[in-house]
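Chain order of the listed sequences is A and B. If you read the first sequence in this note's numbering, its first letter stands for residue 1, the second for the next number, and so on. If you read the second sequence in this note's numbering, its first letter stands for residue 1001, the second for the next number, and so on. Heads up: the structure comes next, in structure tokens.
2 protein chains.
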Amino acid sequence: MSVIISHDKLKDFVLQVFTKMEVPAKDVLLAASVLLSADLRGIDSHGVARLPGYVRLWRKKRINANPDFKIVHEMPSTATVDGDAGLGLVIGPKAMAIAIEKARIYGTGWVAVRNSNHFGIGAFHAMMALEHDMIGVAMTNASPLVAPTFSIERMLGTNPICYAFPSGNEDPVVVDMATSAAANGKLELAQFQDKQIPEGWVQDKTGGSSTDPHILKAGGSLLPLGSDRDHGSHKGFGLAATVDILSGVLSGANYGPWVPPFVAFLEPPTNPVGLGIGHFFGAMKIDAFRPALDFKNNMDFWIRRFKEAKPAAGGPAVIIPGQPEAMAQKDRELNGIPLLPYVYDELTKLGSEMGINFK
Amino acid sequence: MSVIISHDKLKDFVLQVFTKMEVPAKDVLLAASVLLSADLRGIDSHGVARLPGYVRLWRKKRINANPDFKIVHEMPSTATVDGDAGLGLVIGPKAMAIAIEKARIYGTGWVAVRNSNHFGIGAFHAMMALEHDMIGVAMTNASPLVAPTFSIERMLGTNPICYAFPSGNEDPVVVDMATSAAANGKLELAQFQDKQIPEGWVQDKTGGSSTDPHILKAGGSLLPLGSDRDHGSHKGFGLAATVDILSGVLSGANYGPWVPPFVAFLEPPTNPVGLGIGHFFGAMKIDAFRPALDFKNNMDFWIRRFKEAKPAAGGPAVIIPGQPEAMAQKDRELNGIPLLPYVYDELTKLGSEMGINFK
């Protein structure tokens, strides 16, 4: 049973929380919009469910509410940003805006970010490019939960990759995916429901197969996309490595097992190899390659053809990447956002701690 | 039983074949180097095994040996290239060279290519960036063999993605992967050996599970990385779609089910949506983000730490992406290239058809 809350009401609450965290007024709306975009798009694990976590990290001074965001290095089509331990929810869109501005002038813009924190959903940032007739790219490394192929050690985050492609009349194609077999949010949902998970999502501490969603607490690890070597887990590992190198090594952030945990009850490694967590953003102006109108017409054609790809008898139709999220957004903007009872309870508790009404 | 041939001898043969195809003298060495880089790196499916196929397509006038390669549109960090139906083996490195030159000046360079053909292995092109202290990116779409999640229709190629990252003393990290559960080369090897393949690589024409490597001839299809919805095949589909859009839609090449087959016995679709097949290349100068030396030192550290990631008891160590290929290259440069008997026979036959000695 979920509790349904209107988007406006939830947003009002989040705005008040960020204000109490002393996030500067100019950033509060941005942070709330990024966080809530996850709830709107149905990525419940990355929205308000994480709000108490942000507050706890801020209380431990591991999030700097009023950071000195700065470009530390740049070339015409690139920049490296130091986020000064600020909210990724604010650093992310600011860095993406730099990428977009560079793309406007030079055709593409690429921004590596260090010293940041959890940036919400990649799709928010990548999709900022769409209204400029640009392709958007967003990725981030994250605290280690995933073991490389053949290993039982957690070395990589679920390191998501997002690409957003402009379209004409159809909803845009938005690929937003963890590079693990299953996103951590799916695991958390199974934990909450105490349901078995499919084989191939996790392994136990010896590398053995497991269907226990709680196995990470017992030394287990998430598996890369592909699940095992025979089914291409080395590719999932390669993708997660790519995200880690572009986000972490290229920016000067932490990488691999050194990425700090995004929970207040775990301390960051004492021997960091960089600053905070890292992101990588990109914007590519369509007109820098071909006329935007031609591209968008062809994207509509692409989307319609793929929607019509022959389904298996009695099976569902092909789902275009980003389509379920676009549908969720339309529905939730109108009908409200369902919160799991435990999320509702946590937000109520958070509200009472901070002197903010949540009901 | 393989036949071992020295790299020099094989190269000499390939040079003669391309010369007989009337590839201009200035391009012959380049084409041969790209093709043979696959054999050297152990990607046997993409090397000389394909040479007879290139010749057959040239005979059918579907490969233009002396194309008018030109930039049709550009901005400072971008270009779109029309390959005039030339050899992808030549168009690829020329387009990548443009990306590198743009990256030298503007920090990054991105080149979309239309009207091309099979470009060999992505790693050759992406790795061109390494000696310039740049990160290299290469991808290509390909003729449709892969069905999207929930579909039984072949809509996408195995659409590979390659990223090459400079390192210091360690071998560079080179991620080069088909976005299908298994590369077509692995399937071809199983066909040749008439061996069953693991479940999750292919489906039959109804969408049912299959372990038959010949199932594509009976209306089956390859599955995206992830194999099924529960294990993230929608992510493999999303990655293949990303490659298809960047390579095909952005460049003005064919995309999706319209990508022309790279075999002479199948005709291209009669209703093309673009020109030839498409590639997408990128180069990112490390110094445009942080000093190259810092990056390379950190890459060495990354590589060594991941090599040491704890393996399962009794299991193999973690394999760094690109490491097996680098080892194969060292071995094969020294000890020669093993050819499967059927490849040896095909090359012998090709030689005798073209009046070139192969033995």
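Note that beta-carbon positions come from the ideal geometry of N, C-alpha and C, so glycine has one too.
If distances are taken between C-alpha atoms only, which option among the options comes closest to residue i?
| i | options | result |
| --- | --- | --- |
| D1044(B) | D1345(B), K1349(B), T1348(B), E1325(B) | E1325(B) |
| G1278(B) | A1097(B), A1253(B), I1063(B), D1194(B) | A1253(B) |
| Q1323(B) | F281(A), I4(A), H234(A), D176(A) | H234(A) |
| D300(A) | K349(A), K94(A), F165(A) | F165(A) |
| N1298(B) | E308(A), N298(A), G256(A) | G256(A) |
| K1026(B) | S1180(B), N1066(B), P1321(B) | N1066(B) |
| I1303(B) | V1173(B), P1316(B), K1070(B) | V1173(B) |
| T78(A) | L89(A), G274(A), R104(A), Y344(A) | R104(A) |
| A1292(B) | M1134(B), V1259(B), T1149(B) | M1134(B) |
| L1130(B) | N1159(B), V1343(B), M1284(B) | M1284(B) |
| V1243(B) | V1113(B), Y1342(B), K1094(B) | V1113(B) |
| E1022(B) | E1308(B), S1033(B), Y1054(B) | Y1054(B) |
| P1093(B) | F1295(B), F1358(B), H1073(B), S1116(B) | S1116(B) |
| D1171(B) | G1207(B), K1296(B), A1317(B), A1038(B) | K1296(B) |
| D82(A) | L89(A), D68(A), V90(A) | D68(A) |
| P1311(B) | R290(A), F150(A), P272(A) | F150(A) |
| Y1344(B) | K1070(B), P1272(B), L1189(B), A1049(B) | A1049(B) |
| S1037(B) | D1008(B), Q1196(B), N1184(B) | D1008(B) |
| L89(A) | V175(A), K102(A), S33(A), V72(A) | S33(A) |
| P1198(B) | Q196(A), D230(A), M177(A), D176(A) | D230(A) |
| V202(A) | A97(A), G136(A), S352(A), L222(A) | L222(A) |
| G274(A) | R290(A), P24(A), V249(A), F289(A) | V249(A) |
Going by beta carbon distance, what residues of the same chain come within less than 6 Å of residue i, once the five residues before and after it are set aside?
| i | result |
| --- | --- |
| E346(A) | P52 |
| F1138(B) | One point to set straight first is that residue 1138(B) is Ala, not Phe, in the sequence displayed. Here the set comprises G1122, H1125, A1126, C1162, F1281. |
| D1204(B) | S1210, I1215, G1220 |
| T1140(B) | F1119, S1247, H1279 |
| P1261(B) | S1143 |
| L1040(B) | Q1329, R1332 |
| L1187(B) | P1213 |
| S6(A) | G336 |
| F1237(B) | P1148, T1149, P1224 |
| I1356(B) | Q1016 |
Kindly list the residues whose CB is nearer than 8 Å to the CB of residue i, restricted to its own chain and excluding five residues on each side of it in sequence; keep chain order.
| i | result |
| --- | --- |
| L1029(B) | L1015 |
| I4(A) | N335, G336, I337, P338, L339 |
| G1425(B) | Given that chain B is displayed from residue 1001 to residue 1359, the structure contains no residue 1425(B) and the question cannot be resolved. |
| A264(A) | G53, R56, L57, R59, K60, R62 |
| D1287(B) | D1133 |
| L1239(B) | N1159, I1161, T1179, P1224, L1225 |
| P1269(B) | N1254, P1257, W1258, P1260 |
Using DSSP's beta-bridge definition, name the partner residues of residue i.
| i | result |
| --- | --- |
| Q203(A) | S209(A), S221(A) |
| D8(A) | Answer by DSSP bridge pairing: none, since D8(A) is not bridged. |
| G1282(B) | W1110(B), V1137(B) |
| E1074(B) | A1079(B) |
| D1176(B) | C1162(B) |
| L156(A) | V146(A) |
| V3(A) | L339(A) |
| P311(A) | S1151(B) |
Note down the Cα distance separating residue i from residue j, rounded to an integer number of angstroms.
| i | j | result |
| --- | --- | --- |
| F1119(B) | E1153(B) | 25 Å |
| W110(A) | L1350(B) | 47 Å |
| G1168(B) | I245(A) | 14 Å |
| S319(A) | S1002(B) | The amino acid at residue 319(A) is misidentified as Ser; the sequence shows Ile. Whole-angstrom Cα-Cα distance: 44 Å. |
| L1087(B) | M327(A) | 43 Å |
| K84(A) | A31(A) | It should be pointed out that residue 84(A) corresponds to Asp in this sequence rather than to Lys. Spanning the two alpha carbons is a distance of roughly 16 Å. |
| F192(A) | P76(A) | 47 Å |
| E1074(B) | T1080(B) | 6 Å |
| L35(A) | G47(A) | 5 Å |
| A91(A) | A1095(B) | It is worth fixing the name first, because residue 91(A) is Ile in this sequence and not Ala. Cα to Cα, I91(A) sits roughly 34 Å from A1095(B). |
| G1185(B) | K1217(B) | 15 Å |
| A183(A) | P1341(B) | 45 Å |
| D1294(B) | K1102(B) | 23 Å |
| S1352(B) | F1013(B) | 12 Å |
Short of 7 Å in beta carbon distance, which residues of its chain neighbour residue i, apart from the five on each side in sequence? Order them along the chain.
| i | result |
| --- | --- |
| M1354(B) | V1017, K1020 |
| S227(A) | A181, G200, S233 |
| G1157(B) | N1141, A1142, S1143, P1144, L1145, V1146, V1259 |
| I100(A) | G109, M128, A129, H132, M134, A283 |
| N64(A) | D84, A85, G86 |
| K1307(B) | A1317, V1318, I1320 |
| request: Only counting runs of 3 or more residues, tell me where the beta strand (DSSP E) segments fall wholly within the region 1231-1278 of chain B, in order along the chain. | output: none
| Inside the region 77-131 of chain A only - beta strand (DSSP E) runs reaching at least 3 residues | 78-82, 108-116
| query | Counting only runs that start and end within the region 315-346 of chain A, where is the beta strand (DSSP E) found for 3 or more residues in a row? | reply | 337-339
| query | Taking the runs of the alpha helix (DSSP H) that are 4 residues or longer, which of them lie wholly in the region 1010-1054 of chain B? | reply | 1025-1040
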